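**Student:**
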Amino acid sequence: MIPEDLRYTAEHEWVAGDGTASVRVGITHFAQDALGDIVYVQLPEVGAVVAAGDSLGEIESTKSVSELYAPVAGTVAARNEALGDTPELINTDPYGAGWLVEITPNDPTATDGLLTAAAYQKITEG
0 MIPEDLRYTA
10 EHEWVAGDGT
20 ASVRVGITHF
30 AQDALGDIVY
40 VQLPEVGAVV
50 AAGDSLGEIE
60 STKSVSELYA
70 PVAGTVAARN
80 EALGDTPELI
90 NTDPYGAGWL
100 VEITPNDPTA
110 TDGLLTAAAY
120 QKITEG
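Under numbering that gives the first Met the number 0, think of the first position of the sequence shown as 0, with each following residue one higher.
1. Tell me which residue opens and which closes the beta strand (DSSP E) that L34 is part of.
2. If we ignore side chains and look at the alpha-carbon of each, how far apart do D92 and F29 end up?
3. With 8 Å as the threshold, decide whether the Cβ of A51 is near any Cβ in chain B.
4. Do E66 and S54 have their CB atoms nearer than 8 Å?
5. State yes or no: is the C-beta of S63 within less than 8 Å of the C-beta of D36?
6. Mind pulling the alpha helix (DSSP H) runs of 4 or more residues that sit fully within the segment 79-109?
7. Could you tell me if Y39 is buried or exposed, where buried requires 16 or more neighbouring beta carbons within 10 angstroms of its beta carbon?
Below is the structure:
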């Protein structure tokens with residue numbers, strides 16, 4: 000359940016892309032499973048400038064409300080508008096239709112410092 004071709008953060012976000020263009024961001028299967036049924040998502044507006052580690056928004060589930068964090072610094076290029084009506088896509092397809100935002104990184108090497116699938120797996124086993 001941890002795709003090898005993605006990069007990860009210790010806060011359970013995944014990043015698709017190498018940073019030379021916009022990267023797609025979502026939360027991992029581990030995170031959505033821990034949250035339970037997701038009922039609401041608050042995402043930043045397109046054009047918002049974010050710093051790595053800053054809050055991007057919130058995910059609300061039947062269990063709790065959790066912050067979303069920017070895995071890289073840059074500008075929000077797109078957000079998944081489908082989540083407004085169907086936030087449960089994050090539960091059913093966290094690595095596909097349940098993506099959250101796309102960010103155009105300030106630094107094309109920004110994803111290099113993120114966790115590999117193997118390193119992320121060690122965090123989830125702790």
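Even for Gly, the Cβ is constructed at its ideal location relative to N, Cα and C. From a predicted model like this one, the values you see are computed outputs, not experimental measurements.
**Tutor:** In this structure, then:
1. Unbroken run through L34 is the alpha helix (DSSP H), H28 to L34; no beta strand (DSSP E).
2. In this structure, the alpha-carbon of D92 lies about 12 Å from that of F29.
3. In the structure shown, chain B does not exist; there is a single protein chain.
4. Yes, Cβ-Cβ distance for E66 and S54 is below 8 Å.
5. no
6. 88-91, all fully within the segment 79-109.
7. Classification for Y39: exposed.
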